[in-house]
Amino acid sequence: MADESLARPFYTVFVLAFVCSALVAGAAVGLRPLQEDNRDLDRKRHVLRAAGLYDAARPIGELFALVDTRLVDLASGEFVAEGTLSPDSYRQLEAARSDDGGRLLGADEDLARIRRLEKYSLVYLVKEGDRVGQYILPVRGKGLWSTMYAYVAIDGDLATIRGVSFYEHGETPGLGGEIVNPLWQKGWQGKKVYDQAGAVGLSFAKGKAAAEEPAKSFQIDGLSGATITTKGVESLMEFWFGEHGFKPFFARRRAEGHQGAAPPTSAADGGPSHG
Ligand SMILES: Cc1cc2nc3c(=O)[nH]c(=O)nc-3n(C[C@H](O)[C@H](O)[C@H](O)COP(=O)(O)O)c2cc1C
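The working numbering puts the last residue of the sequence shown at 275; the count rises by one with no breaks.
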């Protein structure tokens with residue numbers, strides 16, 4: 001009897017621990033699809049925000065029907081062939097980390113300080129009639145404390161910024177964290193990415209952007225008290241709109257005469273199927 005009562009507390013603790021861990025594990029596994037769905041909705045919301053199409057009063061799914069999600073081979077600038085990969089299930093950051101989906105960047109290449117670059121990138125096309133009105137591109141790069149993630153919307157002319165939406169970062173609120181300030185992001189609209197020579201001409205002022213042309217078209221306000229974050233944003237733009245980023249894609253679109261025109265259907269150009 002005495003033995004039995006001595007074992008009972010241990011037995012109770014063991015059973016309780018087992019039940020609790022089963023509950024926690026069950027909740028984590030059971031909630032994963034919900035978390036994935038929420039993450040997906042959030043991603044879509046920011047793509048729409050960058051494109052200036054977000055409307056809080058309307059369902060995201062309905063708004064996103066205007067958006068065509070595709071995969072692009074960054075090195076060649078071509079759409080990824082059908083059947084190779086589905087944009088819906090493609091995890092870009094995981095791909096960058098994997099041996100076959102990404103590669104280590106050399107120190108001289110890694111302007112954005114992302115260490116590894118994926119082979120394929122998602123791109124979001126917004127059709128306006130039978131032309132591509134905008135291209136929304138995922139970009140990322142290191143600020144002072146963290147890697148900053150954003151979507152940049154480029155006009156169908158493949159040169160003019162329509163909007164930006166930073167959606168994840170670990171910069172200091174009120175300093176580098178101002179990258180999420182809608183007022184600052186508004187200052188990106190209408191700015192030109194490439195200069196006459198085709199190089200990335202976009203830059204960030206220390207303080208207020210130039211008010212006179214030609215500098216006005218290429219300059220965005222710097223964030224006060226956050227020069228390092230601002231420099232990180234400038235570098236990530238230079239990287240993603242340069243040779244290792246989307247420049248080959250833009251060059252191919254132009255060469256094929258698709259500047260502003262809608263891309264061929266997936267079946268016609270061998271592009272992937274998308275939802
Ligand atoms: C607590 C703390 C947080 C800071 N956070 C940031 C930041 O998020 N981004 C940034 O660029 N600078 C940040 N700074 C300031 C930098 O250390 C550096 O002084 C600043 O980038 C210089 O910018 P300024 O020339 O515009 O003053 C922070 C400084 C302190 C003390």
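Positions of the beta carbon are idealized from the N, C-alpha and C atoms, including for glycine.
Remark: the shortest separation between the CB of Ser224 and any heavy atom of ligand 1 falls under 7 Å. Sixteen is the threshold: since fewer than 16 other Cβ atoms of the shown chains lie within 10 Å of the Cβ of Ala199, the residue is exposed.
Arg103: member of the beta strand (DSSP E) spanning Gly102 to Leu104, first to last residue. Per DSSP, reduced to three states, the secondary structure at Ile114 is coil, with no helix or strand assignment. Between the C-alpha atoms of Gly176 and Ala150 there is a straight-line separation of about 14 Å. Leaving aside the five residues that flank Thr160 on each side, the residues in its chain whose CB is nearer than 8 Å to its CB run, in chain order, Ile154, Gly190, Lys191, Lys192 and Val193. Boundaries of the beta strand (DSSP E) harbouring Thr69: Val67 to Asp73, taken from the DSSP string.
Within the model, the alpha-carbon separation for Leu74 versus Gly102 is close to 11 Å. Secondary structure at Lys127: strand, using DSSP grouped into helix, strand and coil. Taken atom to atom, the span from the alpha-carbon of Glu212 to that of Gly61 is near 41 Å. Around Lys206, the same chain offers Gly222 as residues with beta carbons nearer than 6 Å, after the five sequence neighbours per side are excluded.
In this structure, ligand 1 has no non-hydrogen atom nearer than 7 Å to the beta-carbon of Thr160. Glu171 has its CB nearer than 7 Å to a heavy atom of ligand 1.
One thing to note: Met148 has its Cβ no nearer than 8 Å to the Cβ of Val72.
Every unbroken stretch of the beta strand (DSSP E) spanning 3 or more residues and falling wholly within the stretch 159 to 232 is given here in chain order: 161 to 168. By the criterion of at least three beta-carbon pairs nearer than 8 Å, the stretch 108 to 122 is in contact with the stretch 239 to 257. Per DSSP, Ala255 is not a residue of any beta strand (DSSP E); the alpha helix (DSSP H) it occupies stretches across Lys247 to Ala255.
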